[in-house]
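Heads up, the thing below is written out as C-alpha cells.
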Amino acid sequence: MFTIDLLKGQGIPKKTKLGGIVIAAVTIAIPTAVAIAMLGFYLCDGIVTSIKRQEIVRWEAKIGRLSEAIELQQSLENEKITYINCLSEVKSAIGRYTQWSPVLMTFVENMPDSVVLTTLEVKQRSIKRKVPKKDDPERM
295 MFTIDLLKGQ GIPKKTKLGG IVIAAVTIAI PTAVAIAMLG FYLCDGIVTS IKRQEIVRWE
355 AKIGRLSEAI ELQQSLENEK ITYINCLSEV KSAIGRYTQW SPVLMTFVEN MPDSVVLTTL
415 EVKQRSIKRK VPKKDDPERM
C-alpha cells in the first residue's frame, strides 16, 4: 500500500529493505556484466579475425613467390634436359668429326717424308660364324 502524508501532500515511500535493493541491483548488474563480457568476446574475436586475415594475406604472398620459384625450377629443369641431350649428341659426334688445331697442322707440315703415310692397302675377307638366335639362344 501507499501512505500519503496529508500535511506535505506527498506520498510517503515505504521503507526499503536490503533484499529489494539486492534484487534490483542483481537484475541490473548481471545483464550488464553479461553484455560487457559478450562485447569483450566480440571485440577479441574481431582482433583475432583481423590478425588471421593478415596472416592469410602473408601466406598467400609467400605462396605466390614460391609458385614463381617452382615455375622457374621447372623451366630450369627443362633447359637442363635440353642441354644434356645436346651434350650426348656432341659426345656421339666427337668421334666422327675431328678438327685440325694449329699445333697439329705445324706438326704435320714439318714431318719428314719417311714418316708420312703415302699408301694404304686394304684387304677384305668374309668370315662366316654361327650366331645364336634371339628367340632361342641355345639353337644356332
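For the sequence shown, this note's numbering begins at 295 and goes up steadily by one. The C-beta atom is built at its ideal place from N, Cα and C for all residues, glycine as well.
To the nearest angstrom, report how far apart Leu333 and Ala319 are at their CA atoms.
-> To locate residue 333, count along the sequence shown from 1; it is residue 39. To locate residue 319, count along the sequence shown from 1; it is residue 25. Going from the Cα of Leu333 to the Cα of Ala319 covers about 21 Å.
First and last residue of the beta strand (DSSP E) that includes Gly305?
-> As a first step, residue 305 must be located in the sequence shown, where it is residue number 11. Segment Gln304 to Ile306, the beta strand (DSSP E) holding Gly305.
Going along the chain, which residues of its own chain have a beta-carbon closer than 8 Å to the beta-carbon of Thr297, five neighbours each way excluded?
-> The residue given as residue 297 occupies position 3 in the sequence shown. Excluding five sequence positions before and after Thr297, the CB atoms of its chain that fall closer than 8 Å to its own CB belong to Gly305, Ile306 and Lys308, given in chain order.
Whole angstroms is fine: what's the gap from Gln429's alpha carbon to Ser386's?
-> The residue you call residue 429 lines up with position 135 of the sequence shown. The residue you call residue 386 lines up with position 92 of the sequence shown. The amino acid occupying residue 429 in the given sequence is Asp; Gln does not appear at that position. Going by the C-alpha atoms only, they are around 30 Å apart.
Beta carbon of Arg433 nearer than 8 Å to that of Pro426 | Position 139 of the sequence shown holds residue 433. Position 132 of the sequence shown holds residue 426. The answer is yes: Cβ separation under 8 Å.
Can you tell me the Cα-Cα spacing of Met405 and Leu414, whole angstroms?
-> Position 111 of the sequence shown holds residue 405. Position 120 of the sequence shown holds residue 414. If you take the alpha carbons of Met405 and Leu414, they lie about 18 Å apart.
Taking Asp339 as part of the alpha helix (DSSP H), name the residues at either end of that continuous run.
-> The residue labelled residue 339 in the question sits at position 45 within the sequence shown. Bounds of the alpha helix (DSSP H) holding Asp339 are Leu312 to Ile388.
So the alpha helix (DSSP H) Phe400 belongs to, where does it begin and stop?
-> Counted from its first residue, the sequence shown places residue 400 at position 106. In the sequence under discussion, the amino acid at residue 400 is Thr, which differs from the Phe named in the question. First-last of the alpha helix (DSSP H) with Thr400: Pro396 to Glu403.
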